[in-house]
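Student: Take the sequence shown: its letters are residues 3 to 102, numbered as in this note's numbering.
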Amino acid sequence: MDRSTRRPRGVTIIDVAKAAGVSPMTVSRVINGDAGVRAEMRAAVTQAITALKYTPNLMARSLVTSKEVRIGVIYSNPSAAFMSDFLAGVFEEASARAAQ
3 MDRSTRRPRG
13 VTIIDVAKAA
23 GVSPMTVSRV
33 INGDAGVRAE
43 MRAAVTQAIT
53 ALKYTPNLMA
63 RSLVTSKEVR
73 IGVIYSNPSA
83 AFMSDFLAGV
93 FEEASARAAQ
């Protein structure tokens with residue numbers, strides 16, 4: 003797959019680190035609320051996060067933390083039309099929140 007056909011990727015902590023002039027580990031510490039980050043570095047990272055509109059990748063986080071979000075749906079013979087719309091909504095929201 004060449005560069006022109008790849009899907010665009012989201013902003014990563016590496017992008018934020020480059021914009022803030024710090025290491026990716028410093029960005030991670032700021033995101034996780036570590037108290038051991040100097041105020042000026044925290045401000046630079048926070049500003050870069052805002053400017054780049056960074057949002058954490060929940061799927062990547064679940065791989066690192068070994069935590070998963072699963073949703074179960076139990077139903078008893080509802081109408082097919084209702085169930086189709088309902089499940090489509092459940093899958094859409096679960097996907098948006100990186101749940102299974």
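For each residue, glycine too, the CB sits at the ideal point set by N, CA and C.
#1: According to DSSP, is G91 helix, strand or coil?
#2: Which of helix, strand or coil does DSSP assign to T14?
#3: Please name the residue in F84, I15, A83, G38 whose C-alpha comes closest to that of A53.
#4: DSSP three-state call for K20: helix, strand or coil?
#5: Can you tell me whether A46 is buried or exposed, with buried defined as 16 or more other CB within 10 angstroms of its CB?
#6: Taking the CB atoms as reference points, tell me whether G38 and R44 lie closer together than 8 Å.
#7: Is the Cβ-Cβ distance between Y56 and V92 less than 8 Å?
Tutor: Reading it off the structure:
#1: helix
#2: coil
#3: I15
#4: helix
#5: buried
#6: no
#7: no
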